[in-house]
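Each residue of the sequence shown is one higher than the one before, starting from 667 at the first, in our numbering.
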Amino acid sequence: MNMIRHTALLLLGILVITTVEARTMNSLSDLQWQNRIILVGNPESKGEAIEALNRFRDGIEERDIAWFVVDEESVESNINGLTAALSESVRARLNEGQTEVILIGKDGGVKDRGRQLDMDHLFSLIDSMPMRIREMKQQKD
């Protein structure tokens, strides 16, 4: 009887883990309250934009940033689980054919819009937000 109980608990644990890992994101709203979002639309060089974002990996992780770099052909991101539906949700937030960078806060609101990917500017803006200030205080404690 004990063996059956242990086996059942093990199977239940595996089912829970599989369900969590299988969770797919279908829109940007699925990231709300979990991540800040940087959308980079139609950069002059997609590779350079991704390289720039990767250079700031530590700061991006510290600030809970999910980024998406979009061109006519594809959507690249630093998150797992990039679905076709999520890619379409990202594309819908950008002006087709225009080079732009959009910062979206954890609350889902647009915090900044520009034409250049300037990580120092974006980090400075994020670090001045009340939610981020609270996060930094909690990290110190």
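No residue lacks a Cβ here, since even glycine has one placed at the ideal position from N, Cα and C.
Just so we're clear, the structure is a prediction, and the values are computed from it rather than from any experiment.
Identified DSSP bridge partners for residue i
{"i": "V741", "result": "V736"}
{"i": "L705", "result": "F734 and I768"}
{"i": "M691", "result": "L748"}
Cβ-based burial, residue i [other Cβ within 10 Å; buried from 16]
{"i": "N761", "result": "exposed"}
{"i": "W699", "result": "exposed"}
{"i": "S743", "result": "buried"}
{"i": "G713", "result": "exposed"}
Beta strand (DSSP E) segment containing residue i, residue limits
{"i": "D778", "result": "V776 to G780"}
Neighbourhood of residue i by C-beta distance below 8 Å, restricted to the same chain and skipping five residues each side
{"i": "K772", "result": "Q698, W699, Q700, N701, R702, D730 and M797"}
{"i": "L791", "result": "L769, K777 and D778"}
Residues near residue i in its chain [Cβ-Cβ closer than 6 Å; skip 5 each side]
{"i": "E710", "result": "none"}
Delimiting residues of the alpha helix (DSSP H) encompassing residue i
{"i": "L791", "result": "M785 to D793"}
{"i": "R798", "result": "P796 to K806"}
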